[in-house]
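In the working numbering, the protein residues as written are 161 to 305.
To keep things clear, I will list the structure first and then write my remarks on it.
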């Protein structure tokens with residue numbers, strides 16, 4: 161019941177272009193089990209004025225052991241953007257608002273996606289600080305106890 165996943169968001173420039181044109185864009189990872197919960201971790205880019213911000217995104221799916229898990233999902237999520245050359249990291253740690261239905265035990269195949277509004281990261285700063293390499297952004301996604 162591991163709680164950690166390494167993500168590589170490829171074609172990041174395309175994601176940026178979509179967000180600047182449409183107002184938002186998402187990257188959603190495949191379904192994985194973290195701490196027993198079936199989910200798709202991801203990010204959302206949102207256009208705010210002439211800049212972009214990066215938010216933690218989550219979709220909960222029906223899983224094989226949902227009956228044995230506590231609901232609603234209440235774990236903090238820590239997303240760490242990793243510098244490709246060891247030049248530090250940028251961390252967003254967020255906690256679900258359990259009154260929202262996004263975190264309930266899924267009744268359908270999947271709950272609606274949710275982006276956490278707390279602790280967004282400025283995409284321009286990530287780029288200028290060298291966090292992008294070969295058009296990809298690396299992140300570590302942790303579901304904390």
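Note that CB positions come from ideal geometry on N, CA and C, so glycine has one too.
Per DSSP, the bridge partner or partners of residue i
i	result
residue 221	270
residue 251	240
residue 293	296
residue 185	205
residue 231	According to DSSP, which records beta bridges pairwise, residue 231 is partnered with nothing at all.
residue 275	217
Distance CB(residue i)-CB(residue j) smaller than 7 Å
i	j	result
residue 249	residue 242	yes
residue 232	residue 264	yes
residue 198	residue 235	no
residue 303	residue 163	yes
residue 167	residue 189	yes
residue 171	residue 295	yes
residue 247	residue 290	yes
Per-residue burial, residue i [other beta carbons within 10 Å of its own, 16 or more giving buried]
i	result
residue 173	exposed
residue 179	buried
residue 201	buried
residue 244	exposed
residue 227	exposed
residue 169	buried
residue 251	exposed
residue 275	buried
residue 285	exposed
Span separating the alpha-carbon of residue i from that of residue j
i	j	result
residue 266	residue 257	16 Å
residue 149	residue 305	What is shown of the chain runs 161 to 305, which leaves residue 149 out entirely.
residue 185	residue 225	31 Å
residue 176	residue 297	12 Å
residue 292	residue 260	33 Å
residue 300	residue 239	6 Å
residue 187	residue 195	21 Å
residue 213	residue 182	14 Å
residue 270	residue 279	25 Å
residue 262	residue 211	27 Å
residue 203	residue 215	6 Å
residue 277	residue 268	25 Å
Presumed contact (8 Å Cβ cut-off) between residue i and residue j, rounded CB distance
i	j	result
residue 273	residue 217	6 Å
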